[in-house]
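Participant: A single structure is presented below for examination.
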Amino acid sequence: MKQSNVILIFVVLTLITVMVYGCGGGHKSDRIGGAGTGTGTGTGSGTGSGNGGGTGTTGGENEFVYVWVITGGSASTAELEAMRVTIQAASEGLYEIAHGQQYIKHVTIKNNGTIDECHISTPLSRVTSGTLGGGLWARTGPGGLTGRHIECGGTVDPFTFAHEHGHMEYNLAGGNPQDRKEEYTNGGCPCVMSTGASGGRMQYCDDGNHTYSFDSCWKVILNQTSMTHTTGDYPVSGAGPLTEIVIEP
Ligand SMILES: [Zn+2]
Ligand SMILES: [Zn+2]
Numbered sequence: 004m005k006q007s008n009v010i011l012i013f014v015v016l017t018l019i020t021v022m023v024y025g026c027g028g029g030h031k032s033d034r035i036g037g038a039g040t041g042t043g044t045g046t047g048s049g050t051g052s053g054n055g056g057g058t059g060t061t062g063g064e065n066e067f068v069y070v071w072v073i074t075g076g077s078a079s080t081a082e083l084e085a086m087r088v089t090i091q092a093a094s095e096g097l098y099e100i101a102h103g104q105q106y107i108k109h110v111t112i113k114n115n116g117t118i119d120e121c122h123i124s125t126p127l128s129r130v131t132s133g134t135l136g137g138g139l140w141a142r143t144g145p146g147g148l149t150g151r152h153i154e155c156g157g158t159v160d161p162f163t164f165a166h167e168h169g170h171m172e173y174n175l176a177g178g179n180p181q182d183r184k185e186e187y188t189n190g191g192c193p194c195v196m197s198t199g200a201s202g203g204r205m206q207y208c209d210d211g212n213h214t215y216s217f218d219s220c221w222k223v224i225l226n227q228t229s230m231t232h233t234t235g236d237y238p239v240s241g242a243g244p245l246t247e248i249v250i251e252p
């Protein structure tokens with residue numbers, strides 16, 4: 004079982020790509036690109052485990068409700084407040100890539116929490132960082148309220164967040180929970196499951212642009228949710244709803 008989708012983000016990757024893609028363009032996988040946050044250091048943090056068809060737990064369909072914990076201690080109130088920006092951007096990124104059919108409805112941020120009670124975690128030492136450090140952008144691994152969780156920096160960018168969210172909620176890429184694949188190896192898809200350096204874009208790949216033998220991201224998502232997508236059609240959506248964010252310092 005490939006339980007840990009580690010995204011090694013090589014710092015070199017993508018800032019340039021991100022700039023090029025601007026709004027809507029993707030970036031590399033672990034980096035965020037998409038929604039406007041440059042590369043590496045996005046803002047916000049997202050959390051959640053939603054329900055979108057995937058493995059969500061609460062909220063309406065595709066309205067993700069997440070618990071995001073700070074592990075290893077307690078961040079300052081100012082640091083937690085700053086995460087609101089990250090979370091809203093993450094939600095808007097999810098909204099964008101699904102043509103307005105998913106977003107983060109609610110996030111509870113808990114200080115000094117445990118993996119067991121979360122969907123998303125950020126080590127205290129990375130609360131003000133966009134990555135996990137050591138060349139690691141973010142990752143999705145075992146544990147947490149749904150059996151797997153995202154670990155990321157407190158200012159993770161929307162592209163990187165969407166990449167991990169795809170692993171956690173939809174078993175992207177490929178749709179197999181035992182073998183969640185990446186789409187930046189041996190080529191790359193124009194998708195959040197790739198990386199900026201490998202042609203990633205702030206969208207999900209579909210049967211018209213997917214480059215691997217396993218199912219495209221949209222195919223996997225359509226099989227799991229009531230969302231719709233027409234191959235080759237990537238309509239622009241608005242920013243999406245405001246995410247309710249409750250801080251438990
Ligand atoms: Zn894809
Ligand atoms: Zn693909």
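In the working numbering, each residue's number is its place in the sequence shown (first place is 1) plus 3.
Beta carbons are placed, not taken as given, at the ideal position from N, Cα and C, and that holds for glycine.
This structure is a prediction, so every number in the text was calculated from the model and none was measured.
Ordered along the chain, which non-local residues of its own chain (more than five positions away) have a Cβ less than 7 Å from that of D218?
Facilitator: Closer than 7 Å at Cβ, skipping near neighbours: G177 and G178.
Participant: Would you identify the three-state DSSP class for Y173, choosing helix, strand or coil?
Facilitator: If DSSP states are grouped into helix, strand and coil, Y173 belongs with the helices.
Participant: C121: beta carbon under 7 Å from a heavy atom of ligand 2?
Facilitator: No - ligand 2 has no heavy atom lying nearer than 7 Å to the Cβ of C121.
Participant: If you draw a straight line from the alpha carbon of P180 to that of E186, how long is it in whole angstroms?
Facilitator: When rounded, the distance between both Cα atoms is 15 Å.
Participant: What is the DSSP secondary structure of H152, reduced to helix, strand or coil?
Facilitator: Strand, per DSSP.
Participant: Got a sec? Which residues, its chain only, sit under 6 Å from N174 by beta carbon, not counting five neighbours each side?
Facilitator: For N174, where only same-chain residues beyond five positions count, the Cβ hits under 6 Å are P180 and R183.
Participant: Do S132 and E154 have their C-beta atoms within less than 8 Å of each other?
Facilitator: No; because the gap between Cβ atoms is not below 8 Å, this pair is not in contact.
Participant: For G137, tell me which candidate among G150, S128 and T149 has the shortest Cα-Cα distance.
Facilitator: The option with the nearest alpha carbon to G137 is S128.
Participant: Take the Cβ of T134 as the centre, count every other Cβ of all protein chains shown within 10 Å, and call the residue buried at 16 or more, exposed below.
Facilitator: So T134 counts as buried.
Participant: Sorry if obvious, but does the Cβ on A101 come closer than 7 Å to a heavy atom of ligand 1?
Facilitator: Outside the cutoff, so no.
Participant: Name all residues in chain order for which at least one heavy atom of ligand 2 lies closer than 7 Å to the residue's CB.
Facilitator: The filter returns A176, E186, C192, C194, M196, C208, H213, T214, Y215, S219 and C220, in chain order.
Participant: Note down the Cα distance separating G211 from T234, rounded to an integer number of angstroms.
Facilitator: Their Cα atoms are separated by approximately 6 Å.
Participant: Does any C-beta atom of chain B lie closer than 8 Å to the C-beta of E167?
Facilitator: Protein chains in the displayed structure number just one, and chain B is not present.
Participant: Can you tell me the Cα-Cα spacing of S216 and I73, whole angstroms?
Facilitator: Rounded to whole angstroms, S216 to I73 spans 38 Å at the Cα level.
Participant: Report yes if the CB atom of P161 is closer than 8 Å to the CB atom of A101, and no otherwise.
Facilitator: Contact: no.
Participant: Restricting to Cα atoms, I'd like to know which of H166, I248 and E66 is closest to W140.
Facilitator: Nearest option by C-alpha distance: H166.
Participant: Would you mind reading off the limits of the beta strand (DSSP E) that contains Y69?
Facilitator: E66 to T74 is the extent of the beta strand (DSSP E) around Y69.
Participant: Work out the CA separation of M230 and V110 for me, nearest whole Å.
Facilitator: Whole-angstrom Cα-Cα distance: 22 Å.
Participant: Is DSSP giving T117 helix, strand or coil here?
Facilitator: Here T117 sits in coil by DSSP.
Participant: Could you name the residues of the same chain whose beta carbon sits closer than 7 Å to that of C220, not counting the 5 residues immediately before and after it, in chain order?
Facilitator: G169, L175, A176, C194, M196, Y207 and C208, listed in sequence order.
Participant: Could you say which of G147, V159 and G146 lies nearest to V130 if we only look at CA atoms?
Facilitator: That would be V159, whose Cα lies nearest to the Cα of V130.
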